[in-house]
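Working notes, structure below.
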Amino acid sequence: MESAAEMAVVTDLQDILGKYPNAGRDALIPILQELQEVYGYLSRDMIASVGECLHLPVSKIYGVATFYNQFRFAALGKYHIQVCRGTACHVKGSAGVLDDIRQILKLNVGETSQDGLFSLEVVACIGACGLAPVVKINDEFYAEASASKLERVFKTLRKEAESNE
Numbered sequence: 008m009e010s011a012a013e014m015a016v017v018t019d020l021q022d023i024l025g026k027y028p029n030a031g032r033d034a035l036i037p038i039l040q041e042l043q044e045v046y047g048y049l050s051r052d053m054i055a056s057v058g059e060c061l062h063l064p065v066s067k068i069y070g071v072a073t074f075y076n077q078f079r080f081a082a083l084g085k086y087h088i089q090v091c092r093g094t095a096c097h098v099k100g101s102a103g104v105l106d107d108i109r110q111i112l113k114l115n116v117g118e119t120s121q122d123g124l125f126s127l128e129v130v131a132c133i134g135a136c137g138l139a140p141v142v143k144i145n146d147e148f149y150a151e152a153s154a155s156k157l158e159r160v161f162k163t164l165r166k167e168a169e170s171n172e
């Protein structure tokens, strides 16, 4: 038997797809965008349902969704980490900062930690070049990022998450 949460997901999915009766391939991106806006990512089941609705093979949908970097296939962590790899950040050592984050959190780019707390993404430019290297966690910017600074931030965020449970 499906849980209430699973039934709500199915209902929401059907509501979204229901907005596009007799839709064709031209509705694919708007549907994927709306699904991601509601759920935060695109699951295999969602993509299969979109395929059925639009009469498109799942491979075609994945082809479109993987072409655009706006689409995600895993839920983001409670704390979404974005590491800037723009020119200024690169010159100031963002590659090393990224390696430090990966080592501290045991997390690769595009992954979410098993506890659901952290997800890691590389972005081309955050637009805060004067703060380089810069890391953004949710809506907070961390200037002149370093392993020691970020380790303290991650500990604080873990404690915050534990106290909110």
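Quick note on our numbering: the sequence shown kicks off at 8 and runs consecutively. Think of the CB as a built atom: it goes at the ideal place given N, C-alpha and C, for glycine as much as any other residue. Remember, predicted model here, so these are calculated numbers, not experimental data.
Going by DSSP, what residue range makes up the alpha helix (DSSP H) through residue i?
i	result
tyrosine 86	It is not in any alpha helix (DSSP H) - tyrosine 86 instead sits in the beta strand (DSSP E) that spans 86-91.
What's the C-alpha gap between residue i and residue j?
i	j	result
isoleucine 23	lysine 99	44 Å
leucine 83	proline 28	30 Å
leucine 114	isoleucine 108	8 Å
methionine 53	aspartate 146	28 Å
alanine 150	glutamate 128	17 Å
glycine 123	lysine 166	14 Å
serine 170	aspartate 33	46 Å
Classify residue i as buried or exposed, calling it buried when 16 or more other Cβ atoms lie within 10 Å of its own Cβ.
i	result
proline 140	buried
serine 101	buried
glycine 93	buried
tyrosine 75	exposed
threonine 73	exposed
threonine 163	exposed
What does residue i pair with, by DSSP beta-bridge criteria?
i	result
glutamate 147	Ile144
glutamate 128	Gln89
Please list, in chain order, all residues of the same chain as residue i whose beta carbon is under 6 Å from its beta carbon, the five residues on each side excluded.
i	result
phenylalanine 105	The sequence given here places leucine at residue 105; phenylalanine does not occur at that position. Cβ within range, chain order: Val90.
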